[in-house]
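All remarks here apply to the structure that follows.
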Amino acid sequence: MAVFNRKLLIGFFVLAPMLLQGGDEIFNRVFRQRDVRVGEQIFSTQTDIVNGVKTKKWLIDGILMEKNAFHEALIIAETDEVKRKIAEEEAAEQEEQELAIVVREAVATKLLSAEVALWEHELAKIKAHGLDQFFTFSSGTIASHEDYERLITVSLPAAKALLTAARGSEAINEALQAYRDLEIHTAGLKKLVRLAIKDAVNRSTDTKKLKGLLQLGGAA
4 MAVFNRKLLI GFFVLAPMLL QGGDEIFNRV FRQRDVRVGE QIFSTQTDIV NGVKTKKWLI
64 DGILMEKNAF HEALIIAETD EVKRKIAEEE AAEQEEQELA IVVREAVATK LLSAEVALWE
124 HELAKIKAHG LDQFFTFSSG TIASHEDYER LITVSLPAAK ALLTAARGSE AINEALQAYR
184 DLEIHTAGLK KLVRLAIKDA VNRSTDTKKL KGLLQLGGAA
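Structure follows, in structure tokens:
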């Protein structure tokens, strides 16, 4: 919880022997003033003791006040100051939370976008050269044809949809999960394509197609 600072501005104490106007009597005077700032206001308490007789005054911003009115105003000012400090802290916390969400969203979107682009690039090569007929599914590539189909017909479209979905904490979590679902199979997809290119080259008798495959293999 926020706690405001009651800042002491002035505090002084004076003790001095003084002569009355007639010059035939000496008296002692003690004067003390304490100023406290709360928000934009200064609350002052003055104590004046002359020969043991005490007089007190209460002032707000230099204006003389009744004691009860002074204390009521001080309580209100302190309450308002506490509320203001709490509101400032809550606003700062909200801003930090919003910034954290923005940063996390940007990271999630960038990761997922890059992964989707990579998969689409590999799939474009597969489609352009008919490499799917040369696939060798295994634990070192992608486990099975069913897994491959699930990835390109379910996981990839879902990931692409998340790139244009409404933002929020839940959507960010979904985007990160979609990224992980693709990313753990990326190395296997690349190896699947490389092996398919190699197998296609070994089997090809078409010079034009072979040239394209060799160029593709060099870029893989």
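Position one of the sequence shown corresponds to residue 4 (the working numbering), numbered consecutively onward. Where is the CB? At the ideal position from N, CA and C, for every residue including glycine. Note that this is a predicted model, so its numbers are computed, not measured.
Measuring alpha carbon to alpha carbon, tell me which residue in the options is nearest residue i.
i, options, result
"L114", "T48, L185 and N205", "L185"
"G143", "A162, E108, A94 and K193", "K193"
"G133", "I52, A203 and R37", "A203"
"A76", "W61, T139 and I200", "W61"
"K70", "T189, S158, Q49 and T82", "Q49"
"A146", "T156, L165, Q136 and L195", "L195"
"E123", "D150, E149 and S158", "S158"
"R35", "S47, I200, E149 and E43", "S47"
Just the Cα atoms here: how many angstroms apart are residue i and residue j?
i, j, result
"R32", "E91", "45 Å"
"D64", "I104", "45 Å"
"I187", "T112", "17 Å"
"S172", "L154", "24 Å"
"A161", "E96", "34 Å"
"E179", "V119", "Sequence inspection shows Leu at residue 179; the Glu mentioned does not correspond to that position. Spanning the two alpha carbons is a distance of roughly 12 Å."
"E101", "A109", "12 Å"
"V56", "A80", "31 Å"
For a test of the three-state rule: what should DSSP assign to residue i, helix, strand or coil?
i, result
"I145", "coil"
"L34", "Here the sequence assigns Phe to residue 34, which means Leu is not the residue at that position. F34 falls in the strand class under three-state DSSP."
"S47", "strand"
"T139", "coil"
"T58", "strand"
"E91", "helix"
Name, in chain order, the residues that DSSP records as bridge partners for residue i.
i, result
"W122", "Beta-bridge pairing links W122 to no other residue."
"I66", "I63"
Which residues mark the beginning and the end of the alpha helix (DSSP H) in which residue i is found?
i, result
"V204", "S172 to R206"
"A164", "L159 to L165"
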